[in-house]
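Below is one structure, written out as structure tokens, with a few remarks after it.
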Amino acid sequence: MSNFIRLENAAVFLVTLCVYLIFDYTLLIFLLLLLVPDVFMFGYLINKEIGSRIYNIGHTYIVPIFITLIFFLVHEAMILQIALVWLAHISMDRAFGFGLKYAFNFDKTTIQKV
């Protein structure tokens with residue numbers, strides 16, 4: 356099942372990248388912003404529990420999907436650009452086998468448990 360989830364997220368990454376390019380956004384910006392969501396790892400400097408919670412907030416699809424919905428209300432291109440890069444980051448992480456983190460062990464992820 357884990358390989359299926361990884362493949363599924365690789366497909367989400369490709370679709371997100373295609374949508375990004377269809378909107379004619381700059382690929383360089385995409386590449387520069389792709390790893391920005393990993394700033395949510397800084398919560399681990401406090402402790403494992405807070406770190407996993409902060410990391411998981413930044414690595415769930417809910418936040419960038421909500422930002423995408425905001426784009427549909429305000430039609431500001433940068434909002435969609437940020438949301439697409441964020442979605443791409445999450446799906447890329449999951450395609451590589453990195454899922455949401457458990458508080459008891461940074462190395463164990465939800466992708467590995469499935």
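Take the sequence shown: its letter number 105 is residue 460 in the numbering used here, and every next letter is one higher.
Beta carbons are placed, not taken as given, at the ideal position from N, Cα and C, and that holds for glycine.
All values reported here derive from a predicted model rather than from experimental measurement.
Assignment of TYR457 by DSSP, reduced to helix, strand and coil, places it in the strand class. Taking C-alpha positions only, SER407 is separated from LEU455 by approximately 8 Å. With respect to the C-alpha of ILE409, the residue from LEU388, ILE377, ILE422 and PRO392 having the closest C-alpha is PRO392.
In this structure, DSSP gives ILE384 a helical state, which the three-state scheme calls helix. Per the C-alpha coordinates, the member of ASN364, PHE395 and ASN402 positioned closest to ALA458 is ASN402. Linking GLU363 to LEU428 through their CA atoms gives a straight-line distance of about 29 Å. Using a Cβ distance threshold of 8 Å, VAL374 and LEU439 count as a contacting pair.
Residue range 403 to 413 is occupied by the alpha helix (DSSP H) that includes GLY413. Membership of TYR375 in the alpha helix (DSSP H) is indicated by the continuous run 357 to 377. Annotation for PHE421: the continuous alpha helix (DSSP H) segment containing it runs 417 to 429. For ASP393, there is no enclosing alpha helix (DSSP H), as DSSP marks it with neither H nor E. With a cutoff of 8 Å on beta-carbon distance, PHE421 and ILE434 are scored as not near each other.
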